[in-house]
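**Q** Let me give you the structure first, and then I'll get to my questions.
Residue numbers (the UniProt record's numbering), protein chains in the order written: chain H, 1 to 451; chain V, 1 to 451; chain G, 1 to 451; chain F, 1 to 451.
Shown next, in the form of structure tokens:
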């Protein structure tokens, strides 16, 4: 019976929260599962560490950090907002463990270089999360020891189908334990300051309501600062054009490797190795095979592929390992048609445009209020006034009103840095010169015939 | 000609120094070499991240950090202590570039899990560093472009044979750019506070002298704090018993893999894979092969070995990946003879003591003054008084006097955690009980027959 | 001749910049003047420390902090942007000292509780600054030792009439050394996080231009963050309603004291004391007398006035010293006419509304672009693109666009906290109840007859 | 009845603890008393802010900070170590409020410039603390509303006569809430790093025992770091020779004022003013009068005394306000007899040695174990081992062993800076030269006749 509190709490030292406090046997056992330990082998920000070299932290730290925030919230709710009668909209003590487990496991389905991985191999980390929780795994065993339906409860919280909206919103909303932890954590490890906000004040002013979670009006500016911080982290860190230049390399080299694999005869397929083969073959990927793949496996095979006879695969692998990203310029809908010209010039210079150029658009909707008619309506951030009425965040904050419902984006075209070569005696000096004539102030532009 | 200053300095965002300022083309080119980028793939603290999950930072950040400290020092020396005449003991401007390059490259020879690696495979990262700088590498090419003898100068600084003691001491001494960076960096990423000290004050009070580097008396307490911080980081972080329990696992599994490799027929050797084979074979390891091996390669093969038919290799690999370290107790010279009994009990319980137990002693000499008659005399830390005379640190600081010349150590015996099982119906309940009778207050002790 | 560099730089330990570096004899001598040391006796944020108890820091620290930022900027400009030819729009070395002196002295004319002081006594700290620099003061003597016209140059920089717009903008613009220091400093001492921004990046991307100061496009997000931080500090700290409730007390008690002074016979005037008398009398205040008044003097007389026979003066003084601020509610132009009713109710409850109520409006225009036709056009924040063209901040930042030209404000009505008493047996229970009926959600509202 | 918990906790923003949480009405009411608010008007470190300009923080912040640490400890004890049976050595819930009140009020008896004040006027802040708690004060009224004997309980905790040693040691021991707060706070405001330590870990490992407070062995290094931090703060901040040069000025000017007061006729005594008169007269100082005196009062009268006809009082006052401290050199028992020579030389140069020179010795015993036979035996810091036995700190830490029982000291002689003048045409050039011949490496030394 695993519901037990630990006799002495255990702690993990953490640079963001100082200590992660583990008070329940089930939480300790979950952390000790093979599937959870695997998160140590997957970087939180993928290839972003090629730009921000401090950001080499793994999903393990983020997962226990999200758990710690959830633990603090449930402790606060128990102390101040404990339900006295059914339907009073307050916090129910028996939601604690499912909240903590869901916070801890919310990212358990993530794989190496998630973004690239999902895009290329068609996996879905949310479905995988459910499979890990409900399938034949150590995690399932630990969860089931609490109660037979406990795994399903945890999975439904993560899938947002759980019936208590307070728990769902703590785990997934526009201000949830996931986002709070990753903003603080990514700011700390990148060494940028944009992601910092006053989490203590936010947690103090958070309160359960009948429809989920709301905030005391005294926390308005801390919440506003959080939304602005998130917005700035997207533009400054998550959209960073150089990271995306590395991602393009990674995607193209994996794509090339898969094409080579498919085109190869049986006895030539072994450049892919046993751990990656299930991914490259046409059969569906089992959870067992999925969990074998981590950053190390990818990095090791890319290292081997530097010596592959295919010149495109070996060159892209070498560029990736030596951190020589593709360069980029800003494009927009008006200038996008000119990309055909650029692809052609890159081709003339000897690069296969399919692998050496790319259009890459980064998008984010930093905040929106509840819009019942859209496909995935957002849970808006609400504040409670003295008389109990609610006000939505953007009604109170001109800053948030300015970005509400506005998609941030950064659209770019990637190409080999060599295209900007300015050596006059280059074989392709004219091609390069023509190429450069399309670029002004780091943006794609119609070339001026005279200049 | 690479001595050029960059037109615009480039910066890397760094959590410790905020920015790493790159002002010289040669420094930029060194960072962009394949051999230097490889440092991104080697964790600074190896398996320590199994205990301090924030400490997943690589040697890349530390190397550019040590460079940045060197850059600040040379800038300060140029501004305040520029030599006016030969032999005046002040700073010579043309030592700048060799100092910066040596700071940047001082760790270039390190491999994955250095400590374990060197111990097991008999490599020497200092010799390898020299080979990388002097051999057929991108780094050598960049260095040689400054001047034909420049690679050799950089190598001799790192080897401490360079003739300017100021430069040597900046790179290797009891208060050098290496130690200053790693203490601050490891403190930041582990989230402990012990490693923090006032680097600004230390750098401000550092000055060149005829015999090397000394400090203004105004910096005494900052230097004392640095020595104490270093002492505390060793005891708290670098000696951590749980990390060492992981290191023992790693060493034993690699040793087992090598034994299996040697005992295998030719066609059974492929469990080791192409990247590790040069390491396991009897031929000397070339630099080329050495540079192919990083954390990812080790971790990937350990992941594969979980499925190896040898039960010891597969079990140790699984324990290592799932973070199930060996447990430990404190031993001393008096109790060490009792270890034979424990090894025997571990054997009775079914574990091969060669792989499942270990004695592991951690040592460090935190500070010493200059002792001309010892094998490797230390360069002591000196302060300059108003009248120009020198005083050694421990004469001024009772705290440093207390630890001067005293080796810190922590001696332990490692064994499977299962030996502490207390379930009464266990098959080996009596063996376990006997085993536990040797342990008191987490230390090895002569068992009391009655208890 | 005071232009000399100091042989050894002196440093002051500073929590914001770590060290303030003093490299010139004239700067050291200015700091050591009687007039500059007086800044230690004037709190930077006045009575704000009644709310944020950490914010007890004086104008001295802020003044040397603004100097330190100026010093870093001029050092950076000298290294990277030194003028090669007249009119090239780059930095001229001989502007260094006037810039540093102006940064150090920009607040020298401030008095105790500046805001209240100027409002009540009609002084103008900018005029006083000029008088201190140009008059018979130690500061003037030090400045004049550099060159006869040096005091005037420094004064004209502060008055914004100096002919080099680079120097003027460093000292006074929407992103100047004054604002950068006080935001960081006030954030640090209050313990709020809103005021933090990445000053290192801002200073790195700042550059001189023909028309003043601009920024490299790479600094855009750091500048945006600074503008947002400033906006949030105003709303969270500088507009804090409880501080303003203390300021109202202070203003009313000083006003009452002046009225009593004017109405008193000659031999009854001594409750004001020798240091304050010049302020209360009708004669113009001399610089000599002005410089005698600091926080201590005001606080000491307020302490004495607790025992003054006038019940209003003694009560307001006691409330001020015991930190019992007036309470407040939010008002707007629509509800403002109701304030007459409230004043009447306060009168019925026995408080003289002239001294016990107040309307207090806090305003700030966080950022604006250059508008040639307004009374005091602002110098806008510009960024330089690759081709040398400029872009104004709000064109690049949606966040700044949202607050550009928009005045932030917070309008409030202050009254004795006792008006909210809810004891049913109070003498004025009905009056209090009527008063409360005007308040809803902390705002003034038309009372609902039924409620 | 004031034992009530507040319906909603109130918070004060604090730079050290982020928030001070106020959960009990009695604590809120104590903070709102006139006597407690007075702590805002007394600087924590007195004149130390003349050296560390950030350290202008008052005793108010420290007092609520000590309270906050006590609150966290009692919360932790209630959660983990609640007494189950009398005499079990665990924490008793009903000690909470007395602990919190004692923590909050432990410094309530401090006056302005405490050190100087007590020395000169013979007051005893501990006796005054008791009087404030037991006398006719607002604080007494609030405390008595809890229970008639509650004021006495609080006073006895502060006096260390309370019968529960756990409560006494939390408030006064070598590792108490007072010291923990002031080290962190003084480090923060001075901007030094020496005072930082890991308070979270210390609080986590603290536990109640039968004889008081002990620590889990896991906290050993954090406690060691705290002791070392405290030692370094004394040497670096609290012993700072320049602060002491200001303190000597202050002491001498107050002493001179008192002598003038005593020598004056009745109608000449008014230079002292009503608030200071009770202090200067011969009658015993009442609590009422004591509480009227704060930093502001002293500073205001010192400002007035700059214009006093007595040249010594006016000169010392001017030096003090303009921050022109006496200079100092290091002395020891051997060189002390030479001070007579120096006093004589200072006299020849025209300074009254009684007021312009001083011997000033700073002392501290950083840590000691329990010594039953000394006058004031210290409560040693103990750790609990697995088997329940105790070990004293210095047995475990070589660093602490090095400073245990060792008094840190810094003995100095103070004199006018003008004595170091080196202008050759000075009237007293020879006297100055002779004076300087006694100084070598900033220390007093027997002059060498030839040099």
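Using N, Cα and C, we set each Cβ at its ideal position, and we do this for glycine too.
1) Pull up the distance between the alpha-carbon of residue 175 (chain V) and that of residue 381 (chain V), whole angstroms please.
2) For chain H, is any of its Cβ atoms less than 8 Å away from the one on residue 200 (chain F)?
3) When DSSP labels each residue in this structure, what does residue 443 (chain V) get in the three-state scheme?
4) Once DSSP output is grouped into helix, strand and coil, what is the label at residue 122 (chain H)?
5) Of the choices V:220, V:246, V:310 and V:294, whose alpha-carbon is the least far from that of residue 263 (chain V)?
6) Name, please, each residue of chain H whose Cβ falls closer than 7 Å to the Cβ of residue 197 (chain F).
7) Looking at residue 167 (chain G): is its Cβ nearer than 8 Å to the Cβ of residue 177 (chain G)?
8) Measuring alpha carbon to alpha carbon, tell me which of H:443, H:251 and H:187 ends up nearest residue 328 (chain H).
9) Could you check what DSSP says for residue 404 (chain G) in three-state terms: helix, strand or coil?
10) Would you check if the region 225 to 245 of chain H and the region 352 to 372 of chain H touch, i.e. whether three or more CB-CB distances between them fall below 8 Å?
11) Going by DSSP, what residue range makes up the beta strand (DSSP E) through residue 212 (chain H)?
12) Under the three-state reduction of DSSP, which class applies to residue 363 (chain V): helix, strand or coil?
13) What is the rounded straight-line gap between the Cα of residue 112 (chain G) and the Cα of residue 66 (chain G)?
14) Should residue 293 (chain G) be flagged as near chain H, meaning a C-beta pair shorter than 8 Å?
15) Give me the subset of the region 395 to 410 of chain H whose CB atoms are less than 8 Å from a CB atom of chain G, sorted by chain position.
16) Per the contact definition of three or more C-beta pairs closer than 8 Å, is the region 16 to 34 of chain F in contact with the region 140 to 154 of chain F?
17) To which residues of the same chain is residue 131 (chain H) closer than 6 Å at the C-beta, ignoring the five residues directly before and after it?
18) Let me confirm a value: residue 325 (chain H) is counted as buried when at least 16 other C-beta atoms fall within 10 Å, else exposed. Which label applies?
19) For residue 440 (chain V) and residue 184 (chain V), what's the separation of their Cα atoms in angstroms?
20) Under 8 Å, do residue 56 (chain V) and residue 56 (chain H) count as touching if we go by C-beta distance?
21) Have a look at residue 446 (chain G) and residue 375 (chain G) and give me their C-alpha separation to the nearest angstrom.
22) By DSSP's criteria, residue 14 (chain G) is part of a beta bridge. Which residues make up the other side?
23) Please state whether DSSP places residue 424 (chain H) in a helix, a strand or coil.
24) Using a Cβ-Cβ distance under 8 Å, would residue 19 (chain H) count as near chain F?
25) What in chain F is Cβ-close to residue 445 (chain G), meaning under 9 Å?
26) Just to confirm, is the Cβ distance from residue 256 (chain H) to residue 351 (chain H) under 8 Å?
27) Please name the residues in the region 212 to 236 of chain V whose beta-carbon is closer than 8 Å to at least one beta-carbon of chain F, in chain order.
28) Helix, strand or coil for residue 266 (chain V), going by three-state DSSP, please let me know.
29) For residue 92 (chain H), return the contacting residues in chain V, with the cut-off set at a CB-CB distance below 7 Å.
30) At a Cβ threshold of 8 Å, is residue 194 (chain V) touching chain F?
31) What do you get for residue 334 (chain V), buried or exposed, if any count of 16 or more other CB atoms within 10 angstroms of its CB means buried?
32) Can you name, in chain order, every residue of its own chain whose Cβ lies under 8 Å from the Cβ of residue 241 (chain H), other than the five neighbours on each side?
33) May I have the straight-line CA-CA distance separating residue 114 (chain H) from residue 427 (chain V), to the nearest angstrom?
34) Can you find the residues in the same chain that come closer than 8 Å, C-beta to C-beta, to residue 154 (chain F), ignoring five residues on each side of it along the sequence?
35) My output table needs one value for residue 57 (chain G): the three-state DSSP class, helix, strand or coil.
**A** The short version:
1) The sequence position of residue 175 (chain V) within the second chain is 175, counting from 1. The sequence position of residue 381 (chain V) within the second chain is 381, counting from 1. Rounded to the nearest angstrom, the gap between the Cα atoms of residue 175 (chain V) and residue 381 (chain V) is 8 Å.
2) As a working note, residue 200 (chain F) is residue 200 in the fourth chain. For residue 200 (chain F), the answer is yes, since a Cβ of chain H falls inside 8 Å of its Cβ.
3) Within the second chain, the letter at position 443 stands for residue 443 (chain V). DSSP places residue 443 (chain V) in strand when its eight states are reduced to three.
4) The residue given as residue 122 (chain H) occupies position 122 in the first chain. Residue state, collapsed to three classes: coil.
5) Sequence index remark: in the second chain, residue 263 (chain V) carries index 263 (1-based). Minimum Cα distance to residue 263 (chain V) is reached at V:310.
6) The residue labelled residue 197 (chain F) in the question sits at position 197 within the fourth chain. What residue 197 (chain F) touches in chain H: nothing, since even the nearest Cβ is about 13 Å away.
7) Looking up residue 167 (chain G) in the third chain gives position 167. Looking up residue 177 (chain G) in the third chain gives position 177. No, these two residues do not count as a Cβ contact at 8 Å.
8) Stepping through the first chain from its first residue, residue 328 (chain H) is reached at position 328. Ranking H:443, H:251 and H:187 by CA distance to the CA of residue 328 (chain H) puts H:443 first.
9) Looking up residue 404 (chain G) in the third chain gives position 404. DSSP, reduced to helix, strand and coil, places residue 404 (chain G) outside both helices and strands of the structure shown, so it counts as coil.
10) Cβ pair count under 8 Å is three or more, so yes.
11) Indexing the first chain from 1 puts residue 212 (chain H) at position 212. Note, residue 212 (chain H): beta strand (DSSP E), 212 to 216.
12) Counting from one through the second chain, the residue named residue 363 (chain V) turns up at place 363. Strand at residue 363 (chain V).
13) Working through the third chain from its first residue, we reach residue 112 (chain G) at position 112. Working through the third chain from its first residue, we reach residue 66 (chain G) at position 66. In this structure, the CA atom of residue 112 (chain G) is about 19 Å from the CA atom of residue 66 (chain G).
14) Mapped onto the third chain, residue 293 (chain G) falls at position 293. With its beta carbon at least 8 Å from every one in chain H, residue 293 (chain G) lies outside the interface.
15) Result list: 398, 399, 401, 402, 403 and 406.
16) Look at the beta carbons and you see the region 140 to 154 of chain F touching the region 16 to 34 of chain F: at least three pairs across the two are nearer than 8 Å.
17) Counting from one through the first chain, the residue named residue 131 (chain H) turns up at place 131. Contacts found: 287.
18) Looking up residue 325 (chain H) in the first chain gives position 325. Classification of residue 325 (chain H): buried, given that the 10 Å Cβ count is 16 or more.
19) The residue given as residue 440 (chain V) occupies position 440 in the second chain. The residue given as residue 184 (chain V) occupies position 184 in the second chain. Approximately 36 Å between the Cα atoms of the pair.
20) Taking the first residue of the second chain as position 1, residue 56 (chain V) is located at position 56. Taking the first residue of the first chain as position 1, residue 56 (chain H) is located at position 56. Yes, these two residues count as a Cβ contact at 8 Å.
21) Residue numbering aside, residue 446 (chain G) sits at position 446 when the third chain is read from its first letter. Residue numbering aside, residue 375 (chain G) sits at position 375 when the third chain is read from its first letter. Rounded to the nearest angstrom, the two C-alpha atoms are 37 Å apart.
22) Here residue 14 (chain G) is taken as the residue at index 14 of the third chain, counted from 1. Residue pairing by DSSP puts residue 14 (chain G) in a beta bridge opposite G:18.
23) Translated into the one-based positions of the first chain, residue 424 (chain H) becomes position 424. DSSP places residue 424 (chain H) in coil when its eight states are reduced to three.
24) Position 19 of the first chain, counted from the first residue, corresponds to residue 19 (chain H). For residue 19 (chain H), the nearest CB of chain F lies under 8 Å from its own CB, placing it at the interface with that chain.
25) One-based indexing of the third chain puts residue 445 (chain G) at position 445. In chain order: nothing, as chain F lies at least about 23 Å away.
26) The residue you call residue 256 (chain H) lines up with position 256 of the first chain. The residue you call residue 351 (chain H) lines up with position 351 of the first chain. The answer is no: Cβ separation not under 8 Å.
27) Those residues of the region 212 to 236 of chain V that come within reach of chain F (Cβ to Cβ, closer than 8 Å) are 221, 224, 225, 228, 231, 232, 235 and 236.
28) If you number the second chain from 1, residue 266 (chain V) lands on position 266. Residue 266 (chain V) falls in the helix class under three-state DSSP.
29) Here residue 92 (chain H) refers to the residue found at position 92 of the first chain. Chain V residues near residue 92 (chain H): none, gap ~32 Å exceeds 7 Å.
30) As a first step, residue 194 (chain V) is located in the second chain; it is residue number 194 there, counting from the start. At a cut-off of 8 Å, the C-beta of residue 194 (chain V) has a neighbouring C-beta in chain F.
31) In the second chain, residue 334 (chain V) corresponds to position 334, counting from 1. Classification of residue 334 (chain V): exposed, given that the 10 Å Cβ count is below 16.
32) Residue 241 (chain H) sits at position 241 when you count from the first residue of the first chain. Around residue 241 (chain H): 328, 410 and 412.
33) As a position in the first chain, residue 114 (chain H) is number 114, starting the count at 1. As a position in the second chain, residue 427 (chain V) is number 427, starting the count at 1. A direct Cα-Cα distance of roughly 45 Å separates residue 114 (chain H) from residue 427 (chain V).
34) As a first step, residue 154 (chain F) must be located in the fourth chain, where it is residue number 154. Scanning its chain for C-beta atoms nearer than 8 Å, with the 5 sequence neighbours on each side dropped, one finds around residue 154 (chain F) the residues 98, 101, 102, 105, 133 and 143, in chain order.
35) Reading the third chain from its first residue, position 57 is the one you call residue 57 (chain G). Secondary structure of residue 57 (chain G) (DSSP, three-state): coil.
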